[in-house]
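Residue numbers (this note's numbering), protein chains in the order written: chain A, 91 to 426; chain B, 91 to 426; chain C, 91 to 426; chain D, 91 to 426; chain E, 91 to 426; chain F, 91 to 426.
Quick reminder that beta carbons are idealized off the backbone N, C-alpha and C, glycines included.
See below for the structure under consideration.
Protein chains: 6
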Amino acid sequence: MSKKIVTFGEIMLRLSVPCYKRFPQANSFNVSFGGSEANVAVSLANFGLHSEFLTCLPPNLIGKACLNELHRYGVHTPHVVTKPGRMGLYYMEEAVAMRSSQVVYDRAGTSFDSVAPGDIDWEEVLAPVGWFHFSGITPAVASTAADACLEAVTTARRLGLTVSCDINFRRNLWTYGKQPIEVMPELLAHCDVVFGTELEYKKALGIDMPGFKAVDTDYRMDLDGYARAAEDVNRLVPQCTTIVFALRNTLGANHHLLGGTLWRDGCLHVAKIYNIDDVKDCVGCGDAYVAGIIYGMTNGRDAKESLALGAAACALKNTFLGDFSQTTAEELENCI
Amino acid sequence: MSKKIVTFGEIMLRLSVPCYKRFPQANSFNVSFGGSEANVAVSLANFGLHSEFLTCLPPNLIGKACLNELHRYGVHTPHVVTKPGRMGLYYMEEAVAMRSSQVVYDRAGTSFDSVAPGDIDWEEVLAPVGWFHFSGITPAVASTAADACLEAVTTARRLGLTVSCDINFRRNLWTYGKQPIEVMPELLAHCDVVFGTELEYKKALGIDMPGFKAVDTDYRMDLDGYARAAEDVNRLVPQCTTIVFALRNTLGANHHLLGGTLWRDGCLHVAKIYNIDDVKDCVGCGDAYVAGIIYGMTNGRDAKESLALGAAACALKNTFLGDFSQTTAEELENCI
Amino acid sequence: MSKKIVTFGEIMLRLSVPCYKRFPQANSFNVSFGGSEANVAVSLANFGLHSEFLTCLPPNLIGKACLNELHRYGVHTPHVVTKPGRMGLYYMEEAVAMRSSQVVYDRAGTSFDSVAPGDIDWEEVLAPVGWFHFSGITPAVASTAADACLEAVTTARRLGLTVSCDINFRRNLWTYGKQPIEVMPELLAHCDVVFGTELEYKKALGIDMPGFKAVDTDYRMDLDGYARAAEDVNRLVPQCTTIVFALRNTLGANHHLLGGTLWRDGCLHVAKIYNIDDVKDCVGCGDAYVAGIIYGMTNGRDAKESLALGAAACALKNTFLGDFSQTTAEELENCI
Amino acid sequence: MSKKIVTFGEIMLRLSVPCYKRFPQANSFNVSFGGSEANVAVSLANFGLHSEFLTCLPPNLIGKACLNELHRYGVHTPHVVTKPGRMGLYYMEEAVAMRSSQVVYDRAGTSFDSVAPGDIDWEEVLAPVGWFHFSGITPAVASTAADACLEAVTTARRLGLTVSCDINFRRNLWTYGKQPIEVMPELLAHCDVVFGTELEYKKALGIDMPGFKAVDTDYRMDLDGYARAAEDVNRLVPQCTTIVFALRNTLGANHHLLGGTLWRDGCLHVAKIYNIDDVKDCVGCGDAYVAGIIYGMTNGRDAKESLALGAAACALKNTFLGDFSQTTAEELENCI
Amino acid sequence: MSKKIVTFGEIMLRLSVPCYKRFPQANSFNVSFGGSEANVAVSLANFGLHSEFLTCLPPNLIGKACLNELHRYGVHTPHVVTKPGRMGLYYMEEAVAMRSSQVVYDRAGTSFDSVAPGDIDWEEVLAPVGWFHFSGITPAVASTAADACLEAVTTARRLGLTVSCDINFRRNLWTYGKQPIEVMPELLAHCDVVFGTELEYKKALGIDMPGFKAVDTDYRMDLDGYARAAEDVNRLVPQCTTIVFALRNTLGANHHLLGGTLWRDGCLHVAKIYNIDDVKDCVGCGDAYVAGIIYGMTNGRDAKESLALGAAACALKNTFLGDFSQTTAEELENCI
Amino acid sequence: MSKKIVTFGEIMLRLSVPCYKRFPQANSFNVSFGGSEANVAVSLANFGLHSEFLTCLPPNLIGKACLNELHRYGVHTPHVVTKPGRMGLYYMEEAVAMRSSQVVYDRAGTSFDSVAPGDIDWEEVLAPVGWFHFSGITPAVASTAADACLEAVTTARRLGLTVSCDINFRRNLWTYGKQPIEVMPELLAHCDVVFGTELEYKKALGIDMPGFKAVDTDYRMDLDGYARAAEDVNRLVPQCTTIVFALRNTLGANHHLLGGTLWRDGCLHVAKIYNIDDVKDCVGCGDAYVAGIIYGMTNGRDAKESLALGAAACALKNTFLGDFSQTTAEELENCI
């Protein structure tokens with residue numbers, strides 16, 4: 091069996107209005123949980139990998155419910171810590187036809203925001219592990235959380251793990267006084283694999299991509315631009331040898347084109363573009379992309395196949411309601 | 091703030107079969123309320139305008155439930171009258187793919203049918219108001235209701251309000267012995283703004299539009315035809331200076347093209363055509379169109395922008411279940 | 091097999107608010123059908139008898155849905171007639187704890203109201219039948235409907251059927267200018283079996299029961315009073331040889347005592363009192379009582395057992411939502 | 091009225107996961123019933139024909155529930171037999187976008203599997219009947235069931251009925267040691283009408299269709315191939331004078347092209363191709379196709395119209411959840 | 091019509107697990123809103139009074155949804171203020187049989203917590219008003235909120251309003267360093283009417299009630315104790331001339347005894363005890379009690395009748411799910 | 091932490107009709123899983139113990155869904171085996187008021203039925219374990235399953251585990267030719283703890299209890315009878331030093347008295363009787379009783395406290411829908 095994979099990050103309660111209703115029309119909410127790294131962890135468990143998720147939860151029944159949901163899909167949570175505070179949550183109205191989705195975040199004062207160096211015994215957590223994954227959301231929420239991240243990645247590197255980061259830039263989270271460019275480069279310097287969009291690479295590493303357009307009006311990708319950008323990333327953080335770009339082109343609320351590229355050893359691999367015109371729920375499809383690629387890489391697949399698995403995972407995620415992808419490894423393999 | 095807008099007409103209970111079921115399969119109905127003028131009133135309230143709805147309801151708990159629903163969305167109902175009778179209702183099966191919607195009307199003997207001149211103190215209702223709107227449904231249901239309409243529009247005109255009418259021709263309602271052409275011209279003669287389709291203008295005013303086809307097989311609109319028709323309308327009811335045409339082209343049960351024209355001062359404005367291939371519920375999208383244009387006109391927008399707002403409101407309506415549009419002014423503005 | 095039983099009367103659509111909500115809180119209604127005679131017909135079919143229901147429905151999809159629901163439980167409807175008009179309906183809020191149920195009737199202008207002599211070929215309907223049952227609701231709704239009833243019972247008598255009537259007095263239905271005392275005696279004169287409460291016998295036949303109280307404060311029944319009343323009924327309509335009283339004592343919205351008496355050949359039989367403190371839906375429990383007794387009588391059970399079957403059927407009805415009892419003959423037999 | 095039509099086959103309980111969920115996410119199942127011949131029977135009843143369904147059920151409450159559901163739609167079941175065993179069932183996850191549907195069959199040890207010659211008095215069942223229909227599923231489940239089928243078709247033929255068979259090849263059902271080619275020819279030799287796809291004709295009759303492709307990449311049908319194949323069938327089972335091919339081209343989980351051909355008297359008729367891009371539930375659309383054609387043929391329509399009715403019925407089925415089509419004859423006629 | 095009544099306090103989102111489930115089993119929450127003063131406001135509006143609710147909400151869509159829900163029941167909200175922060179919420183598991191309800195509060199950082207003197211123009215709000223009501227929850231949440239309360243009651247007093255306070259002691263809210271005894275007396279000194287339980291009067295005013303037991307083991311109330319306590323309250327806050335005690339005796343999760351006393355002019359009035367053994371939702375029944383008494387007092391009913399109305403309102407609340415009572419004035423009057 | 095506890099037995103899918111409906115009225119089933127030993131395992135996990143469940147499942151998606159549900163509540167399943175066959179299931183109608191529940195079992199041909207010696211490596215499973223629990227259902231289903239049980243208990247005994255058995259006599263399961271008295275004594279001879287009712291002890295061990303009545307008409311337990319019976323059991327299987335009796339007295343479908351006794355070292359301990367008059371779902375309350383006692387014994391509680399914990403767990407189970415108890419250790423402790 092492949093070695094254990096640990097993902098670390100925040101997980102939130104998600105309250106969605108059913109049946110295309112608006113908030114004022116709701117008399118019930120669909121309840122689920124989600125968060126970038128948790129979504130990756132669930133995908134990996136559904137693929138049959140040994141997946142552990144690490145987070146910080148409030149010591150109440152909602153935190154306990156969150157753990158139960160993770161266990162349901164086979165995610166292990168032996169090292170989750172509890173700290174005073176609340177469970178972050180977000181309210182969501184679905185997108186439909188030409189109407190956009192509406193999201194109201196409610197994550198001030200969460201337990202996760204108070205995670206700090208020393209709260210987690212990284213040595214113990216990471217010793218038996220083969221891969222460590224986190225996203226740029228954790229260093230965004232608080233200065234101490236960023237420090238905890240650094241503690242994690244340096245420990246992971248020392249112990250010889252593969253380290254990956256999904257930049258996941260969220261403008262409204264960076265409120266403690268620093269910009270991504272001040273924090274992310276040091277973290278990415280310890281990573282082997284990095285995931286992002288062109289905007290995210292720019293925010294996190296200051297990459298400049300003059301004239302770059304992900305796709306032109308005929309939906310042809312700017313492959314030269316992608317290759318140049320990946321090389322720029324590799325120059326800035328040379329430890330990063332696998333550099334992944336995600337592509338989502340939104341033609342309508344429920345009609346997306348999905349694809350991406352993966353650069354390694356000077357070579358740019360390009361995924362097949364999936365045209366999904368019946369998107370049920372696109373939240374978490376970037377996380378499914380990450381999970382598909384990690385699945386490929388931990389199973390010894392080459393760069394091209396790993397990317398193909400990621401793209402398929404990303405596309406399949408759109409068929410599930412909730413943040414969590416329920417795709418199996420078998421379905422993934424059937425797609426490629 | 092803009093002045094108060096009063097709409098006057100019938101409101102009915104709507105009982106819809108959920109999940110694409112047929113009537114014999116239903117063990118529950120979705121419950122909502124709707125009616126052409128009520129739909130306009132709710133849209134206007136959701137846009138933030140001071141919207142009052144005037145109708146006649148039975149003095150029972152279902153009538154009260156109807157008022158509660160209107161209040162929920164901020165519609166004022168201080169002058170609603172109650173009369174013996176019942177609440178009109180209609181049963182509905184959703185359209186899906188190549189299957190048409192099925193509607194069973196059940197509106198004989200409603201309280202609204204007995205509305206007559208003298209039932210409403212129009213002087214009191216309309217004095218503090220800037221705009222009065224009604225549709226051709228009211229004069230269709232009964233001779234006395236037509237007289238009440240005339241009482242309303244003459245009072246409104248005397249008090250200096252803007253008056254608008256949506257012709258809304260419904261063949262099966264005109265059962266008391268008169269045809270629209272015998273009733274509508276006198277009412278329209280008091281209007282400043284009129285809404286309709288080519289068929290409705292023909293029925294209400296006898297307009298003849300030889301050779302007119304709303305769109306040709308390439309979906310190009312017959313702009314000359316629209317302009318000539320508007321001028322004909324203007325000649326017959328010269329008080330009407332804003333003449334609006336609505337266009338709905340049904341490509342499939344859930345696939346509609348929506349657009350329209352607005353004529354003013356000899357100039358025909360044309361709305362962008364919206365192609366909605368995931369229609370959730372098209373009932374009331376004509377009323378949303380009306381509401382969008384009234385919103386524009388009461389906020390001092392020019393003819394072109396008012397029409398654009400109407401078309402956007404119409405298109406967005408298709409994303410909501412139920413007659414009532416839940417679109418906000420902000421969403422409307424974002425579309426144009 | 092026992093001979094066919096025909097019941098004749100109105101059936102209405104029932105729209106119930108779920109989950110103890112009030113009308114203004116409802117966004118869905120539970121949908122079912124019900125009516126005194128239809129409820130009897132469904133019970134009989136669920137007991138395994140050959141049960142036919144006869145009514146008049148509107149020629150629309152709601153009438154068709156009603157027939158489908160009757161067929162589902164094995165009720166035959168070969169002679170149902172359709173006439174213009176609407177489907178009668180009623181809206182209902184459940185009773186809960188100290189809060190009463192709320193009912194809003196909406197049955198003006200129904201197809202059934204227009205039933206008149208000649209609409210139904212009673213000769214054809216009743217020829218192959220053993221038992222004919224109707225209730226006092228039909229002669230209440232219209233003078234012509236009362237005449238149709240008389241046509242039915244005289245035909246039934248001539249053909250040698252057993253005829254039964256449940257008086258079912260509903261004050262608000264007798265609006266066409268006559269009182270029950272002017273109409274019911276002639277109808278009851280053709281019956282073999284009659285069902286009612288003390289109030290109903292008083293309204294229908296003018297029985298005077300001075301000093302009678304169904305139960306005293308210790309829940310002991312006034313058996314002498316019941317016997318005297320039955321004898322009075324038998325004197326007035328001597329053809330009626332089986333005279334049934336129903337007893338419902340409401341201790342709370344969901345706590346009822348149920349029982350009754352059956353008089354035949356000068357002998358009063360008394361049912362066991364059922365104490366139901368978890369009533370789910372009491373609508374139609376009187377109809378289940380009627381059905382249980384008819385089941386007993388058509389299966390050759392004696393007076394005492396037939397009454398016991400009726401009381402058990404009545405009590406069991408309270409465990410089903412909707413007007414229709416779903417009790418099987420086997421459950422009934424297990425109770426006695 | 092047209093003569094009675096009897097269909098004979100297995101009916102199963104269907105448990106579907108709602109809302110695009112997977113099995114592990116389900117906390118409720120939608121419940122319905124279905125089976126190839128039962129689906130045909132329900133369609134025919136919904137078209138207003140006198141439809142009888144014959145099957146073998148377990149003597150328990152689930153079998154009774156199944157009968158109730160059939161009665162609901164007007165299907166008659168006077169000759170259904172009960173035998174020890176269980177009700178077959180299948181679990182189903184819906185297809186959505188690029189995700190396939192998942193089906194778990196659970197039909198070992200069903201009552202139907204034990205149907206054997208002598209269990210049904212075919213003489214009595216078929217005497218008053220005009221048409222007998224079955225499918226290739228029955229001879230697949232057990233050797234004794236195949237024998238019962240043969241008993242049925244020979245009786246039907248002797249009594250002069252029209253006999254039809256839908257080949258309905260299901261590889262995983264033929265487990266008792268024989269192949270379709272060993273069983274089906276003898277059964278088909280007694281049929282007047284046969285339905286199938288090219289693969290099914292090959293499996294059942296050994297037809298060889300070298301180079302045949304139902305549609306080319308431009309969606310043009312191989313009409314010569316269809317004609318040749320039909321003639322081959324006719325040569326092998328000359329009693330079969332109406333030979334129907336069904337065509338389903340799956341462009342996506344919810345996007346199907348549907349059509350077919352009907353050969354009679356040396357002439358190949360071709361149905362209009364329906365392009366359904368919002369398939370709600372495609373299970374049973376082949377059975378609806380069969381039912382549409384039987385409807386046409388029993389109403390004296392010619393070959394071309396019968397085929398058109400079948401294709402419309404097939405397309406409309408995709409708009410209903412569950413195996414049973416709820417299309418009415420009126421809707422069918424409106425389509426052609 | 092009676093004069094306007096203003097209530098002021100926090101309102102929260104309530105997320106309840108349906109069907110007796112626990113949090114980890116929930117895949118949906120029932121959504122409603124509630125808060126002590128909002129509950130009073132909704133009850134008053136449902137009684138037909140002119141009811142205004144004043145609070146502080148976050149400027150987001152959840153705050154807007156809250157206003158819509160209040161409008162639905164006719165509560166006016168013209169002076170609601172918005173401030174940065176979040177909407178407070180609480181998660182709830184229902185009590186059932188011997189299992190207690192579970193509540194998880196999540197109200198740190200709410201907009202309401204930041205209410206401070208000067209945020210509300212009390213002069214403008216209260217000028218046209220006849221009655222001002224608040225509870226001890228507001229002064230509990232923050233020192234500034236307590237100051238805002240004092241600002242409100244002194245303005246109300248100056249303007250000649252009737253002022254009432256429900257002490258509503260919640261131990262876990264008083265976290266800013268003060269105890270109720272340090273804050274409440276000054277606020278209560280401005281009140282005309284005060285509501286509480288014996289424990290609450292002790293916490294708020296330091297009343298000592300040696301030997302007092304609300305009810306003895308035979309459910310007889312300690313009337314002397316209640317009278318003495320009321321006189322003690324009146325001595326400490328002599329402005330308070332109506333002193334109300336609420337009594338809830340919990341015999342089981344869904345079985346409560348409800349009653350209370352009202353002291354005025356040296357006379358103790360005692361309410362009938364309601365025995366509710368089918369409690370559907372007891373949250374807010376104390377607020378219904380308050381509303382019933384205010385309804386009585388503002389309609390000129392005497393002390394005894396006002397108390398009786400309060401007790402009936404309290405008992406009826408237990409039949410509604412959610413915090414809001416849906417009782418009408420008519421139902422209330424029928425109870426007394 | 092206490093040592094791991096392994097339970098071994100069958101788990102089935104449970105399909106329940108919601109809302110008091112009957113099978114023919116159902117259009118959805120509530121879905122859950124349950125089985126005597128699985129229920130014990132879930133209870134133990136919810137109490138915070140290390141609980142492993144061992145069973146045999148079919149290798150399909152329904153088996154996988156079952157595992158996911160067990161994981162959700164923290165039950166470990168590392169040694170579950172898969173064998174060909176099906177998932178056993180049962181259909182259930184709820185009991186309500188005087189109507190009994192209806193259960194239709196469908197468990198022929200399950201994978202579990204084929205469990206045989208050698209299928210499970212008991213040495214590996216039980217080596218790290220402290221307690222092994224099974225019930226009399228496993229030896230009932232098949233001769234090979236009984237042999238597997240014997241293999242398990244002899245291994246467990248050799249390894250020094252505590253072994254417990256819940257006799258759980260189900261008459262309709264013992265169909266392979268043997269009676270409990272031929273099989274159970276040998277199994278019980280290896281047990282330390284045994285659970286049962288008086289009937290079960292009689293069936294399994296041939297205990298004769300002349301004149302024994304669990305409770306008399308005043309609900310007083312026959313303590314002498316219980317003590318004598320326990321001593322008889324102990325004489326027959328002297329290894330069994332803890333002998334537990336369960337008591338359920340059904341006063342109505344939703345009104346049960348629950349209690350029990352525990353005998354150890356010649357001393358009979360008696361549990362408080364719980365009177366539950368609002369039973370939501372009593373399935374699995376005997377399993378909760380077992381789990382509560384195991385929880386007490388593995389946490390070093392004495393006989394009296396362990397019994398009290400069992401009785402509380404049993405009573406609390408009745409508040410949860412589904413077989414699985416969701417009670418926490420904290421709630422249990424609060425009850426005693």
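Can a CB atom of chain D be found closer than 8 Å to the CB of residue 365 of chain B? Output row for residue 365 of chain B: interface = no.
At which residues does the alpha helix (DSSP H) containing residue 333 of chain A begin and terminate? Residue 333 of chain A -> not in any alpha helix (DSSP H); beta strand (DSSP E) instead, spanning 332-342.
Pull up the distance between the alpha-carbon of residue 216 of chain A and that of residue 281 of chain A, whole angstroms please. Cα to Cα, the separation comes out at about 15 Å.
With a floor of 4 residues, list each alpha helix (DSSP H) that falls wholly inside the segment 341-420 of chain E, ordered by position along the chain. Contiguous alpha helix (DSSP H) elements confined to the segment 341-420 of chain E occur at 375-388, 393-407, taking only those with 4 or more residues.
Who does residue 322 of chain B pair with in a DSSP beta bridge? As computed with DSSP, residue 322 of chain B is found in no beta bridge at all.
Under a CB-based cut-off of 8 Å, is residue 162 of chain C close to chain D? At least one chain D Cβ lies under 8 Å of residue 162 of chain C.
Is the Cβ-Cβ distance between residue 201 of chain D and residue 413 of chain D less than 8 Å? The answer is no: Cβ separation not under 8 Å.
Chain E contact for residue 120 of chain B (CB, 8 Å cutoff): Output row for residue 120 of chain B: interface = no.
Inter-residue spacing [alpha-carbon to alpha-carbon] between residue 235 of chain B and residue 384 of chain B: Going from the Cα of residue 235 of chain B to the Cα of residue 384 of chain B covers about 24 Å.
Limits of the alpha helix (DSSP H) - the one that residue 161 of chain C falls within: Annotation for residue 161 of chain C: the continuous alpha helix (DSSP H) segment containing it runs 151-162.
Would residue 356 of chain E and residue 400 of chain E qualify as a contact pair, given that the criterion is a beta-carbon distance under 8 Å? For the pair residue 356 of chain E and residue 400 of chain E, the CB atoms are not nearer than the 8 Å cut-off.
Backbone CA spacing between residue 321 of chain A and residue 331 of chain A [nearest angstrom]: Their Cα atoms are separated by approximately 10 Å.
Quick one: residues in its chain with C-beta nearer than 6 Å to the C-beta of residue 131 of chain D, no 5 flanking neighbours on either side, listed in chain order? Excluding residues within five positions, the ones whose Cβ falls inside 6 Å are 97, 141, 143, 165.
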